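Encoded as structure tokens, the structure appears first; notes follow it.
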Amino acid sequence: MAYIQGTPGNDFLQGTYFGDIMEGYAGNDTMWGADNSDTMRGGNDNDDLFGEYGNDFLYGDSGRDYLNGGVGNDSLWGGSGRDTIDGGSGNDVMRGGTGYDTYVVSSPNDQVIEYSGEGLDIVVSKINGYTLGANVESLLLGNTISDGTGNSLNNRLYGNDANNNLNGVGGADQLFGNGGADALNGGSGSDTLTGGADFDVLTGGSGADYFKYVSLSDAPTNYIFFPETINDFQRGIDNIDLSAIDANLSSSGNQAFSFIGTSDFGSVPRGVQGQVRYENTGGSVLVQVDVYGDGDYTSDLDIMLLSTTSVSASDFIL
């Protein structure tokens, strides 16, 4: 075992094969372990610590640090500052400390430890079915991951281009499906659900929820089996938010839509606005949206509401 020390400057420290103790002190240091179990402390400033093999202990201390455990069952502690903590392979214990930290979880047995008041933190999950632990606010699914669940806080859950299942549980959550045919469930609380591109199934759960559409591709009309679907729309409580979509393609800016009830597109004078209508399909409502300036009177966005038989203008943010 060697005791390897840095200087007050920016150091590169390389461990031996016998399990070392390494301290960077001040400066922006880079530290690499080797084949055994190492102990590393970055010190002040912004440090990069790589455990490599063995069961390592990595402590970033103050500053904006990057900690990577590598192979083995590692313990990583970011300390103060905005840190990125990646356990690597193995069953790792990760603690961010104060600051806005990012955790990368690669094993079902990884542990993320955060305490109340230590900042807004995010987990990047590389495993399916990950559930946020206590005091962690946000979850981002890795490229090939499909499922993720929040906790009782006000979470932000981000899907990817796969077909995702996102569950907000408690709190006022924001769920973003992004690409793919996603299933989003807000749970309890006043949630905002944005399915993103493709045909999604949205469930707000209890509370006054917002179903947000930011592009015509969020609820396309060329469906074969079913359109974009909202399972549990509550009239007078929930809202469908169309405000990010420009209702008039021929004018600059972002114009609002007009609500025309069950009238056909074009049968009510448009002015220079796109129109929103609905029709009862036998126990459900099909909402249709037509933008102004695309040369037709057909729907550009379809949303099926399964739990109501009518809607009014007050159910929309136009």
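The sequence shown: position 62 = 61 (numbering that gives the first Met the number 0), numbered continuously.
The beta-carbon is built from N, C-alpha and C at its ideal position, and this holds for glycine as well.
Small disclaimer: the values here were computed from a predicted structure and weren't measured.
Next item on the list: Give me the Cα-Cα distance between Asp47 and Arg81, rounded to the nearest whole angstrom.
Entry: 13 Å
Next item on the list: Identify, in the order they occur along the chain, each residue of the same chain with its Cβ nearer than 6 Å to the Cβ of Thr318, setting aside the five sequence neighbours on each side.
Entry: No answer is possible for residue 318: the residues shown for the chain start at 0 and end at 317.
Checklist line | Cα-Cα separation, Glu22 to Asp10 | finding: 10 Å
Next item on the list: Please determine, among Leu215, Asn230, Ser214 and Thr220, the residue with the shortest C-alpha to C-alpha distance to Asp208.
Entry: Asn230
Margin query: Considering only DSSP beta bridges, list what Gln274 is partnered with.
Written below: Ser257 and Asp289
Notebook entry, point to check: Straight-line CA distance for Asn164 to Ala133?
Noted result: 20 Å
Note to self: Can you list, in chain order, the residues of its chain with a C-beta nearer than 7 Å to that of Asn142? Leave out the 5 residues immediately preceding and following it.
What the structure shows: Asn159
Next item on the list: Under the assumption that Gly167 contacts Gly149 (Cβ atoms under 8 Å), give the Cβ distance between them as a whole number of angstroms.
Entry: 5 Å
Margin query: Only counting the same chain, and skipping five residues up and downstream in sequence, which positions put a Cβ closer than 6 Å to that of Leu305?
Written below: Asn230 and Ser283
Notebook entry, point to check: On the three-pair Cβ rule with 8 Å, is the region 260-274 touching the region 230-239?
Noted result: no
Next item on the list: Indicate the three-state DSSP secondary structure (helix, strand or coil) for Ser216 in the structure shown.
Entry: helix
Checklist line | Host beta strand (DSSP E) of Thr148 (start-end) | finding: Asp146 to Thr148
Checklist line | Range of the contiguous beta strand (DSSP E) that encloses Ile112 | finding: Gln110 to Ile112
Next item on the list: From the DSSP output, in three-state form, read off Ser313 for me.
Entry: helix
Notebook entry, point to check: By DSSP, does Ile84 sit in helix, in strand, or in coil?
Noted result: strand
Check: Can you tell me where the beta strand (DSSP E) with Asp91 in it begins and where it stops?
Finding: No beta strand (DSSP E) contains Asp91, which DSSP labels as neither H nor E.
Item checked: Inter-residue spacing [alpha-carbon to alpha-carbon] between Asp19 and Asp28 -> 16 Å
Check: Between Gly186 and Gly204, is the Cβ-Cβ spacing less than 8 Å?
Finding: yes
Next item on the list: Rank Arg269, Ala182, Ile239 and Pro226 by C-alpha distance to the C-alpha of Asn247 and give the top, closest one.
Entry: Arg269
Next item on the list: Give me the Cα-Cα distance between Leu131 and Gly195, rounded to the nearest whole angstrom.
Entry: 22 Å
Item checked: alpha helix (DSSP H) segments (min. 4 residues) lying fully within the region 49-84 -> none
Next item on the list: Going by DSSP, name the residue or residues bridged to Thr228.
Entry: Val200 and Met303
Margin query: Within a Cβ cutoff of 6 Å, which residues of the same chain sit near Val103, ignoring the five residues on either side of it in sequence?
Written below: Asp85 and Val123
Item checked: Opposing strand residues paired with Met21 [DSSP bridges] -> Ile3 and Met39
Next item on the list: Could you check what DSSP says for Asp47 in three-state terms: helix, strand or coil?
Entry: strand
Notebook entry, point to check: Around the Cβ of Asp172, are there at least 16 other Cβ atoms within 10 angstroms (buried) or fewer (exposed)?
Noted result: buried
Item checked: Residues bridged to Arg155 (per DSSP) -> Ser137 and Gln173
Check: Whose C-beta lies closer than 7 Å to the C-beta of Asp60 among residues of the same chain, with five residues either side of it excluded?
Finding: Arg40, Gly41, Gly42, Asn43 and Gly78
Note to self: Assuming Asp240 is part of the beta strand (DSSP E), what are its boundary residues?
What the structure shows: Asn238 to Asp240
Notebook entry, point to check: Buried or exposed: which applies to Asn108, given that a residue is buried once 16 or more other Cβ atoms fall within 10 Å of its Cβ?
Noted result: exposed
Next item on the list: Report the rounded CA-to-CA distance for Val275 versus Ile239, giving the unit in angstroms.
Entry: 11 Å
Note to self: Within 10 Å of its beta-carbon, does Asp295 have 16 or more other beta-carbons around it, so buried, or fewer, so exposed?
What the structure shows: exposed
Note to self: Here's a check: name, in chain order, each residue in its chain whose Cβ is nearer than 6 Å to the Cβ of Ala243, leaving out the five neighbours to either side.
What the structure shows: Val213
Note to self: Using a Cβ-Cβ distance cut-off of 8 Å, determine whether Ile20 contacts chain B.
What the structure shows: The structure shown contains no chain B, having only a single protein chain.
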